[in-house]
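From first to last, the protein sequence lines are chains B and X.
Residues in the first sequence are numbered from 1 upward in steps of one, following my numbering.
Residues in the second sequence are numbered from 738 upward in steps of one, following my numbering.
All C-beta atoms, glycine included, are put in the ideal place defined by N, C-alpha and C.
Following: one structure in structure tokens, then a few remarks.
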Amino acid sequence: MRLFNTKKPVAARAEGRVEAVAKVTGSGKYAAEYEVKNVCYGVLAVSAVAAGSIKSIDLSKAKQVEGVLDIITHEHKPLVPGMADEAKIKETRFGLPIFHTDKIYFRGQPIALVIADTLENATYAASLIDAEYNTEKANVDFESTHPGVKLSSAGKEKGTLDAWSGAAHIVEAEYNVQAEVHNPMEMHATIAHWTADDKLVLYDKNQGVNNVQRVFARLFNIPPQNIEVSSEFVGGGFGSGLRVWPHALASVMAAKQVKRPVKVVLTRPQMFSLTGYRPAAWQKVKLGADNNGKFVGILHQSKNNTSKYETFSEGITRITRMVYNFDNLKTEQATVPLHLSTPTWMRGPGDCTGAFALECAIDELSHKMQVDPLELRMKNLAVTTDPESGKPWSTNFVNECVEKGAAMINWKERKQVPGTLTDGEWKIGYGMGIGMWGAGRGNASAGISMQKDGTITVKTAMTDIGTGTGTAIQNITHSSTGVAKNKIKIELGHSDFPATGSQGGSTGLSSISGAVSAVCDALKQKLATYALVQKEVYKNAALPDILLSETGVSYKTNNNEFVSYADIWKKNNLTTVDVEASSGPGEERQKYAFCSSAVHFCRVKVNIKTGKVKIDRMVSVADGGRIVNEKPAANQISGAVVGGIGMALMEEQLADKNLGNLVGNDLAGYHFAVNADAPVIEVAFINKTDPNINPSGAKGLGEVGIIGSAAAIANAIFNATGKRLRDLPITPDKVLA
Amino acid sequence: MKPFTFSKPENLGKALSIKKDTVQFIAGGTNLLDLMKKNIAGPDAVLDITTALSSKIEQQGKGVRIGAMVRNSAITTDKTILSKYPLVAKAVLAGASPQIRNMASTAGNLLQRTRCPYFYDITTPCNKRKPGSGCSAINGENRMNAIVGYNEQCVAVHPSDLCVALAALDATVATTDKNKKQLSIPFKDFHKLPGDTPQLDNNLPANAIITSVDIAENPFSKNFYYLKLRDRDSYAFALVSVAAALHLQDNHIADARLASGGVAHKPWRWYEAEQYLKGKAPSASTFSAAADIVIKDVKPLSNNGFKKSMLRGAVETALQNCLTA
Ligand SMILES: Cc1cc2nc3c(=O)[nH]c(=O)nc-3n(C[C@H](O)[C@H](O)[C@H](O)COP(=O)(O)OP(=O)(O)OC[C@H]3O[C@@H](n4cnc5c(N)ncnc54)[C@H](O)[C@@H]3O)c2cc1C
Ligand code: SF4
């Protein structure tokens, strides 16, 4: 049944997202939705123990299920050159050597892939696989294990610890964050199709098609250009799509094995253990200030869990080297291997966890000193120079974010003494937290193809994981060429398009905007050259003077000298005009440091009888440079803050210490914030161009919105109740304790 | 999921004639399908009873009869329920999400299985799923589990919100067994404690069907409250919930009902506290004393000690809200 007539063209509204109609009508295809002829289905069977090795796998019952084509295990699989031996496995750095080991590293590790004619048959057969294990004692207990792991230095030490041991005011405390899971709405999925022995086509959910290409090129020892990857629509990533995960390799192996296209879609429980998560973390912060409220020193230590087969360090203490000035600073870190799968980047990776401890510690210090935590922060912000590199910030308006946010939430209403404001059984409190994120930029390319009727298509391999990248590209293209928005088509997420880095780390827009500006210039240049054939004046035309109108090229400052596309196409015998351009960071990176920031303010209500915490207001003000498109930008921030509410109040992936299994690994058992938990997030931007970062002046916004938000909430709870809760998530039981 | 056959008997007689242990009824399917997908339930045949059973809310004597197939969402908009039994609507609204309530049936809600996370993970021991295999929750992550009425066999809780209100209002469950014998089961006897048969959640006779849930006329339509405390504000099961209803006469509590979800293997009535409230003037101190009675015999597990103080606060707050909300 077709609910919508997808044939009928619907004009995208100028200010809407370019992909909105496709998403809302269902015509936009996500990885698993592509129709590939002769496709069959792969379903993973996973380990029921958390540590040890596979003794035997009984496939007899599974093989009897109708429609089963083959079953891949570590004993029966096609050759993957990049995993041929231990050394190769190390070298390709793929992570879990799926089907290339009998070792069990975590519960839920794939031990077999059933390939069948239908999803139903494959699913049923997978449930009939029985394995025996040599079971070893598993350890998934971060809390009791981390004290035994030694810290090592995370960055250069500044000054000494002794220098501030006698500081007038010192606080020292430990903070814990539980593991969190990305849980994007769309399940991770791959359709793999070997169209020739050395040619692979993939429909895959990921945040960077070129990365997927590279990974499989390495694994199968074929040139990257032999691998075609599509990820046109991505139903959320939050970092989970920045790596190529075992199921994707499983589908590629399966397609090789049965010589048919194979589709693998993870189940929701599998999403909890096979596509990464934010690791559990322990932190200790010791912070000192003098009587004038100047920070004199900080010690920030962190540990996060990793797996037994790979090391993942989150970079938790990085934020401490970035936001404030400290004469004495020491940061240390460690990873704690457990029988769990490898964690990965999750929105605001590292900094999000780090800022929770740092921003809470500052709140603790301000309370001890009996000063306003906002003023204490303002005194110590490093707004002119990046403390880490010593380079001047290109732009850093974090102080303006603080001022604007304070006015919006009416910070003056906050009382310095906790527990002062009440409303019946509800205690009311205010809190704040600062987030910062290094504003990066990578190399990126884009192409434009223009038709005779003046419509253009901008293409780039970059994916849009919901961040509004496509819409921003349209805006930038419109403002640099003059082509009307409804004549600009955007095509994304395909490896045949000009290459880019992945959509991650808030570098997406920053990187692609440079390429888009460059390719727009290239298009204007090319058309001016064609126009020159007809009109001499175009010889002197500078690019900013050239506008591409509805029907032709016009020369802005020269009587609008006009040459129609029709003429250009005719005279030069053209079908389309195609240009491509690349751009990337340059020497500005030597001169300046770059950052985005977000400052969060929270007003919270806490019921002292039931432990219920209600977020009453949440204000977030961000400096992301020039805001290219306000709606998706605000959407990025408010979405991130809702993630912060989840982090602060409910998200935790528990693992059973006896059995090693994840507890409640589905959307009923794992709680992230829903609409009912979040007020309307009040978002504002400083919206000042960064003149150095890239031609658009936009700095990234995706990550920074979550950083510092959990601290704002925890600090507000303290202000409301006088209870300092240092372990996330702050569920009602902790409030009552 | 194990393959199964599917049919849709058009009436009760047909449905009962096909029903046996390996055949399962499906109503809204919001619980059964999850159980099948997770290989916890594996019927050979599934009988869709959505048209065989009543989906009407009707007057019955001086009370109301809620047909087994009345969707949860329909309960929340029905005029009779809203005017005479509003506690029931309020409890339903505290449960699940709008989409699930649109599918979920009244009978299915009574028969939904526990949400103990180990019950849902077939790779772990669980006496309810596999009698004799052990209880993973008792020494595991049991934050959501019971604080009263449990034993070492099973510490699961019944997850329903609707049932807490029905327990408070002394509803009855109308059933018909395979031999067409009708049996009305008082709500307090419908669900059971784990005892030696933790695999059984209730006393519905084998292969019987629920035809309706009946509520007698009662004086609790004015002063009532349903308070549900949970980890998030929608789409989450209760840590603790309280259905409270007071019948006030001349500024005295003539009758009181107090029940909880999230505390036991069945919806739990606090009879002693109800008894205490009767005849007293409604006041903060009365409510506080009642809350103390409620918590005096609860015995939390290793991870859910907080439920005691939470329950205390919830009882007080719910009673207080009977007067004001
Ligand atoms: C994510 C999630 C969150 C939820 N949150 C809540 C919540 O907060 N509070 C709450 O109360 N509920 C909650 N629910 C549970 C929901 O209310 C139940 O799943 C629903 O009420 C079951 O009704 P159904 O008609 O879909 O039952 P089905 O799944 O169709 O059936 C459930 C069982 O009842 C049997 N059955 C159904 N009808 C009859 C009958 N007439 N006679 C005999 N047997 C019958 C079936 O055979 C089956 O064994 C939640 C469910 C989900 C999935
Ligand atoms: S509490 Fe009951 S349902 Fe949970 S694991 Fe124990 S026996 Fe199973």
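Just checking residue i against ligand 2 - is the residue's beta carbon closer than 7 angstroms to any of the ligand's heavy atoms?
{"i": "A874/X", "result": "yes"}
{"i": "K865/X", "result": "yes"}
{"i": "V885/X", "result": "no"}
{"i": "A1064/X", "result": "In this structure chain X extends from 738 to 1062, so residue 1064/X is not present and cannot be described."}
{"i": "P935/X", "result": "yes"}
{"i": "C900/X", "result": "no"}
{"i": "C853/X", "result": "yes"}
{"i": "N882/X", "result": "yes"}
{"i": "F397/B", "result": "no"}
Which first and last residues belong to the alpha helix (DSSP H) in which residue i is found?
{"i": "M647/B", "result": "630-649"}
{"i": "Q1012/X", "result": "1008-1014"}
{"i": "A116/B", "result": "Taken as a continuous stretch (DSSP letters only), A116/B belongs to no alpha helix (DSSP H), being part of the beta strand (DSSP E) at 110-116."}
{"i": "Y555/B", "result": "Unbroken run through Y555/B is the beta strand (DSSP E), 552-555; no alpha helix (DSSP H)."}
{"i": "W245/B", "result": "No alpha helix (DSSP H) contains W245/B, which DSSP labels as neither H nor E."}
{"i": "I465/B", "result": "Taken as a continuous stretch (DSSP letters only), I465/B belongs to no alpha helix (DSSP H), as it is neither H nor E."}
{"i": "I859/X", "result": "Neither: I859/X is in no alpha helix (DSSP H) and is coded neither H nor E."}
For the beta strand (DSSP E) containing residue i, name the first residue and the last one.
{"i": "G433/B", "result": "426-438"}
{"i": "T422/B", "result": "421-423"}
{"i": "S709/X", "result": "The structure shown has nothing for residue 709/X, since chain X only spans 738 to 1062."}
{"i": "E682/B", "result": "682-685"}
{"i": "S620/B", "result": "613-623"}
{"i": "Y133/B", "result": "130-135"}
{"i": "E491/B", "result": "488-492"}
{"i": "C595/B", "result": "595-607"}
{"i": "C40/B", "result": "40-46"}
{"i": "K774/X", "result": "Looking at the DSSP string, K774/X is not in any beta strand (DSSP E); the run it does join, the alpha helix (DSSP H), is 769-774."}
Under the DSSP definition of a beta bridge, which residues are partnered with residue i?
{"i": "P337/B", "result": "T306/B"}
{"i": "T909/X", "result": "P923/X, D951/X"}
{"i": "F233/B", "result": "Y30/B"}
{"i": "L1038/X", "result": "L1038/X pairs with nothing; no bridge assigned."}
{"i": "E180/B", "result": "R278/B"}
{"i": "K199/B", "result": "A196/B"}
{"i": "K259/B", "result": "In DSSP, K259/B forms no bridge with anything."}
{"i": "V577/B", "result": "M450/B"}
{"i": "T344/B", "result": "T344/B is not bridged to any residue."}
For a test of your reading of the model: does the CB of residue i fall under 7 angstroms from any non-hydrogen atom of ligand 1? Yes or no.
{"i": "P1065/X", "result": "The requested residue 1065/X does not occur in the structure, where chain X is confined to residues 738 to 1062."}
{"i": "Y972/X", "result": "yes"}
{"i": "L790/X", "result": "yes"}
{"i": "S144/B", "result": "no"}
{"i": "L769/X", "result": "yes"}
{"i": "N846/X", "result": "yes"}
{"i": "I946/X", "result": "yes"}
Which bits of chain B does residue i rub up against, with CB to CB less than 7 angstroms?
{"i": "A973/X", "result": "H671"}
{"i": "T813/X", "result": "Within chain B, no residue comes near T813/X; the closest Cβ sits about 16 angstroms away, beyond 7 angstroms."}
{"i": "D858/X", "result": "N661"}
{"i": "K739/X", "result": "Y124"}
{"i": "T861/X", "result": "L659, N661"}
At 7 angstroms on the CB atoms, spell out the chain X contacts of residue i, in chain order.
{"i": "E491/B", "result": "Correct list: empty, because the minimum Cβ distance to chain X is about 34 angstroms."}
{"i": "S60/B", "result": "Here the premise fails: no neighbours, minimum Cβ distance about 17 angstroms."}
{"i": "G664/B", "result": "P854"}
{"i": "L736/B", "result": "F1043, S1046, M1047"}
At 8 angstroms on the CB atoms, spell out the chain X contacts of residue i, in chain order.
{"i": "P732/B", "result": "L966, D968, L976, F1043, M1047"}
{"i": "E425/B", "result": "T1054"}
Identify the contact partners of residue i in chain B, using a Cβ-Cβ distance below 9 angstroms as the criterion.
{"i": "K865/X", "result": "Result: empty, since nearest Cβ-Cβ is about 16 angstroms, beyond 9 angstroms."}
{"i": "E878/X", "result": "L654, A655, D656, K657, V663, G664"}
Which residues in chain B have a C-beta closer than 8 angstroms to the C-beta of residue i? List them in chain order.
{"i": "E1053/X", "result": "K609"}
{"i": "S873/X", "result": "D656, N658, L659"}
Which residues in chain X have a C-beta closer than 9 angstroms to the C-beta of residue i? List them in chain order.
{"i": "S144/B", "result": "Ordered by position in chain X, no residue passes the 9 angstroms Cβ test against S144/B, which lies about 15 angstroms from the chain."}
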